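The opening residue of the sequence shown carries number 1 in this note's numbering; numbering runs sequentially from there.
Backbone N, C-alpha and C fix where the C-beta goes; we use that ideal spot for every residue, glycine too.
All figures in this text were calculated on a predicted structure; none of them were measured in a lab.
The structure under discussion appears below in the form of structure tokens.
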Amino acid sequence: MLDDITWRKDYEQSEKRLNIALQYSKTAVWEMNLNTHNVIRSDSHDSLFGYGHPLDSWNLESYTAHLLPEFRTHLENAIRNLSIGDFFDFQGKILLKSGEIKWIHLQGKTEQAGGEETKKLLGTIKDITKEKIAERHKDEFISTVSHELKTPLTSIKAQAQILERRFSAMDDKVTTLMLKRIILQIDRLNILIKDLLDAGRLDEQKLFLRKEDFMFNKMVEETVAEIQRTTTHQLIIRQNPIIYCMGDRERTSQVLSNLLTNAIKYSPSKNKVIITTEEKEDQIICSVEDFGIGIAADKQPYIFERFYRASGMQERVISGFGLGLYISFEIIKRLEGKIWLTSTPGKGSVFYFSISKGK
Ligand code: ADP
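Following this line, the structure appears as structure tokens:
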């Protein structure tokens, strides 16, 4: 009897501690029955939604009722499509009764509960409004800085090109070579700035794609030739059949160019990159293979994320923002295609992307 009381006291104490910790970290715990969609939750849960006292009950509709309309279907679909063992991750904006708008982050994992048929989703919910505001400020800062850098750089490049032509006409080989190197470095800076600007546009859904007829194989040849001018690696086009397609030529070329520069950057002690294109029904699949440092399996799921860089020794000395693959992923997604990879550390990587021929 005494044991029982002590045990219960300990339990209550630990529950109290957990609730205080959750409250201070603006986090709550929730558990949804995926059959009934009813939710059991910790004390602080309802206060995240602006309630002074816990409500009698909570369910999926309570979440959707608070969410701004553009997030509702996304949450409903995400919850309906869950299977046992799936991870759940959702961020959305909610409107409180006071008129205040907040960002919430729901995370969880599904489990089998009690009877065979019952699934439940167990996880945490967090107020991430502050983080979202900080993120927006950071994005605005990056976007302003990159805009400001662009104009002087364009002017520097134009002047350097005039000088290069003059010294070349005077047959001053040493100065011409130095100016060529300056222009190459300006081009590198331009690519970094373009990446920063594109990343900003992608977040604001402002990256527009064109639809035009073009020959995929010609785009491959020209992109490869352009990158070949900047490297001593041998870029080998192994297969590139004639393919007519409809889409955004420039953005597709941007993806290929990013994969090629990565293949070169991340294979510093090798000198070969192989490009292959093939047609499969209404899809075009293009691949870029390198024999460089490769990517560990546990890092592969993250490399298309914004600002992600695998943190190996080599990446630290190779420059980059971790934006190229994020931009490529988003472009390919908008072209209704796919981008993926196979890679073995120390042996190399093959990056693939597929897009529809669009006819
Ligand atoms: P960045 O190259 O600027 O870091 P990316 O978005 O293009 O950014 O790539 C993200 C990360 O993925 C890189 O930092 C690198 O760790 C890894 N990565 C990309 N391509 C390759 C490759 N071909 N071989 C090995 N690692 C790669």
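Local conformation of residue i per DSSP, three classes
i    : result
I128 : coil
W7   : helix
L256 : helix
N77  : helix
Y24  : helix
L48  : helix
I242 : coil
S349 : strand
E330 : helix
H105 : strand
S424 : The structure shown does not extend to residue 424, since the chain is modelled only from 1 to 359, so the question has no answer here.
F307 : coil
S57  : coil
S319 : coil
S42  : coil
D290 : strand
D298 : coil
CB contact below 8 Å: residue i versus chain C
i   : result
L55 : Absence of chain C from the displayed structure is noted, only one protein chain being present.
Alpha-carbon to alpha-carbon, residue j and residue i
i    : j    : result
R167 : A158 : The sequence given here places Phe at residue 167; Arg does not occur at that position. About 15 Å.
D282 : V220 : 18 Å
H66  : I125 : 14 Å
L189 : T252 : 21 Å
T36  : Q112 : 14 Å
E305 : V39  : 31 Å
D43  : E31  : 13 Å
N271 : L121 : 50 Å
L179 : T261 : 22 Å
Span of the alpha helix (DSSP H), counted from its first residue to its last, around residue i
i    : result
I191 : 173-203
L381 : Residue 381 is absent from the structure shown; the chain starts at 1 and stops at 359.
Any non-hydrogen atom of the ligand ADP closer than 7 Å to residue i Cβ
i    : result
S25  : no
G200 : no
L197 : no
N190 : no
A296 : no
S349 : yes
K265 : yes
F353 : no
A158 : no
N262 : yes
I271 : Before going further, note that residue 271 is Asn rather than Ile in the sequence given. Every heavy atom of the ligand ADP is 7 Å or more from the Cβ of N271, so no.
I243 : no
R251 : no
Beta-bridge partners of residue i, as assigned by DSSP
i    : result
N33  : K120
Q112 : K119
Opening and closing residue of the beta strand (DSSP E) in which residue i lies
i    : result
K338 : 338-344
F214 : 212-215
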